[in-house]
Amino acid sequence: MRNGKAKILLVDDEPFILAATARVLRDAGHEVHTCEQWAGVATTVRNEEPDVVLLDYNMPALKGDDLCAILKRNVINQNMKIVIYSSEPEPFLAEITRSCGADGYIMKDQPGHMLLQNLRPYVQVAVA
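Residue 1 is where the sequence shown starts when you use the numbering used here, and the numbers rise one by one after that.
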């Protein structure tokens with residue numbers, strides 16, 4: 001996609017957060033696909049080829065850093081950016097991001113306009 005608009009896969013096991021975040025992203029003009037479970041992520045990445053995966057860290061059964069490492073290792077889409085999206089403490093997220101190979105992290109506990117602002121560098125890189 002172009003003009004700062006991206007195809008985004010949002011992965012979160014909390015239905016309210018998933019719906020609210022997807023609404024913010026769609027209202028900004030992004031194409032948004034969602035997964036509530038880690039099991040559907042690889043298939044969605046293959047089928048939809050998102051520019052950015054916004055990936056919750058704290059999910060049951062498979063943590064976001066483990067899923068990130070799997071996606072990075074399998075190189076389904078070389079240009080895809082993976083961003084950890086969590087309310088965990090920032091120093092912890094910085095370490096998780098480094099250890100799993102994510103392209104960055106964004107804190108969940110912020111207004112929608114801040115989410116969009118913090119997502120902008122990954123979207124611009126992805127669609128450039």
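Quick reminder that beta carbons are idealized off the backbone N, C-alpha and C, glycines included.
In its chain, beyond the 5 residues on either side, Ile-106, Met-107, Gln-110 have a beta carbon closer than 8 Å to the beta carbon of Asn-118. Its chain contains Val-24 as the residues whose beta carbon lies nearer than 6 Å to that of Gly-112, once the 5 sequence neighbours on both sides are disregarded; these appear in chain order. At a Cβ-Cβ threshold of 8 Å, Ile-82 and Leu-71 count as neighbours. Restricting attention to Asp-12, Glu-14, Asp-66, Ala-22, the CA atom closest to the CA of Leu-116 is found in Ala-22. Contact check for Glu-48 and Leu-18: beta-carbon distance about 16 Å, past the 8 Å limit, so the pair fails to qualify. Per DSSP, reduced to three states, the secondary structure at Leu-62 is coil, with no helix or strand assignment. Among the bridge pairs identified by DSSP, Thr-34 is matched with Leu-10. Listed as beta-bridge partners of Gly-104 by DSSP are Val-83.
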